[in-house]
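*Asks:* According to the numbering used here, the sequence shown is numbered sequentially starting from 16.
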Amino acid sequence: MLTNLINDPVVDNDREKLEGRLTTKRIVELELNPVRGKFDVAHLKEINRRIFQDLPGAGFDDVKPGEFRPPAPEGKDWVKNRGLATVAGSFYVAYSSMNANDHERLNKVLEGALPDWSALFGA
16 MLTNLINDPV
26 VDNDREKLEG
36 RLTTKRIVEL
46 ELNPVRGKFD
56 VAHLKEINRR
66 IFQDLPGAGF
76 DDVKPGEFRP
86 PAPEGKDWVK
96 NRGLATVAGS
106 FYVAYSSMNA
116 NDHERLNKVL
126 EGALPDWSAL
136 FGA
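#1: Sorted by chain position, which residues of the same chain lie with C-beta nearer than 6 Å to residue 21's C-beta, five sequence neighbours on each side aside?
#2: Using the Cα positions of residue 88 and residue 94, report the straight-line distance between them to the nearest angstrom.
#3: Might you give, ordered along the chain, the residues of its own chain that have their beta carbon closer than 6 Å to the beta carbon of residue 98, omitting 5 neighbours on each side?
#4: In the DSSP output, what is residue 97 paired with across the bridge?
#5: Please classify residue 70 as buried or exposed, where buried requires at least 16 neighbouring CB atoms within 10 angstroms.
#6: Identify whether residue 67 lies in helix, strand or coil by the three-state DSSP scheme.
#7: Taking the alpha helix (DSSP H) that residue 82 falls in, what are its first and last residues?
#8: From residue 121 to residue 63, what distance separates their C-alpha atoms?
#9: Who are the Cβ neighbours of residue 45 in its own chain at under 8 Å, not counting the five residues just before and after it?
#10: Considering Cα atoms alone, identify which of 43, 51, 73, 47 is closest to residue 30.
#11: Classify residue 53 as helix, strand or coil using the three-state DSSP reduction.
#12: What is the DSSP secondary structure of residue 122, counted as helix, strand or coil?
#13: DSSP on residue 116, reduced to helix/strand/coil?
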């Protein structure tokens with residue numbers, strides 16, 4: 016659990032603000048020094064690692080920068096309850112099971128989404 020300096024639990028709104036401050040700086044750094052190389056799963060994980068690298072040290076113990084969560088048990092799905100600031104209520108969102116087949120499928124999708132790096136960064 017994330018706590019403040021006097022060990023009181025940090026409420027969701029404060030957590031979001033802290034996460035925003037920590038990640039905004041890293042996103043700017045990525046714009047200035049992007050991840051180079053093949054646009055694949057490893058590339059995507061490195062982007063994630065760079066953006067969220069400060070969170071574990073700030074008390075976000077559930078965040079594992081640059082890592083996928085473990086695969087869901089066979090026959091089960093990852094499901095999270097998500098809310099949107101602009102819509103009343105919440106929604107259940109199903110995520111990938113994160114097994115080996117899903118990783119391969121993600122690589123194929125990323126291969127088809129190859130950006131034109133020279134157009135983006137003048138390389």
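For every residue, glycine included, the Cβ atom is placed at its ideal position computed from N, Cα and C.
*Replies:* Here's the rundown:
#1: By one-based count along the sequence shown, residue 21 stands at place 6. Legend: pLDDT at residue 21 = 43, less than 50; position of this residue unreliable, value from coordinates given subsequently. Cβ neighbours of residue 21 beyond the five flanking positions: none.
#2: Numbered from its first residue, the sequence shown carries residue 88 at position 73. Numbered from its first residue, the sequence shown carries residue 94 at position 79. Those two C-alpha atoms are separated by around 13 Å.
#3: Here residue 98 is taken as the residue at index 83 of the sequence shown, counted from 1. The answer, listed in chain order, is 105.
#4: On the sequence shown, position 82 is the one that residue 97 refers to. For residue 97, which the question treats as bridged, DSSP gives the partners 106.
#5: Taking the sequence shown and counting its residues from 1, one reaches residue 70 at position 55. Residue 70 is buried by the Cβ-count criterion.
#6: Walking along the sequence shown from the start, residue 67 turns up at place 52. The answer is helix: DSSP assigns residue 67 an H, G or I state.
#7: Locating residue 82 in the sequence shown gives position 67, counting from the first residue. Taken as a continuous stretch (DSSP letters only), residue 82 belongs to no alpha helix (DSSP H), as it is neither H nor E.
#8: The sequence position of residue 121 within the sequence shown is 106, counting from 1. The sequence position of residue 63 within the sequence shown is 48, counting from 1. Distance from the CA atom of residue 121 to the CA atom of residue 63, rounded to whole angstroms, is 15 Å.
#9: Taking the sequence shown and counting its residues from 1, one reaches residue 45 at position 30. Excluding positions up to five away in sequence, the list reads 62, 65, 66.
#10: What you label residue 30 is simply residue 15 of the sequence shown in a count that begins at 1. Of the listed residues, the one whose Cα sits closest to residue 30 is 73.
#11: One-based indexing of the sequence shown puts residue 53 at position 38. In the structure shown, residue 53 sits in coil (DSSP, three-state: anything other than H, G, I, E or B).
#12: For the purposes of this step, residue 122 is identified with residue 107 of the sequence shown, where counting begins at 1. Judged by DSSP in its simplified three-state form, residue 122 adopts helix.
#13: Numbered from 1 along the sequence shown, position 101 holds the residue referred to as residue 116. Note: residue 116 maps to helix in three-state DSSP.
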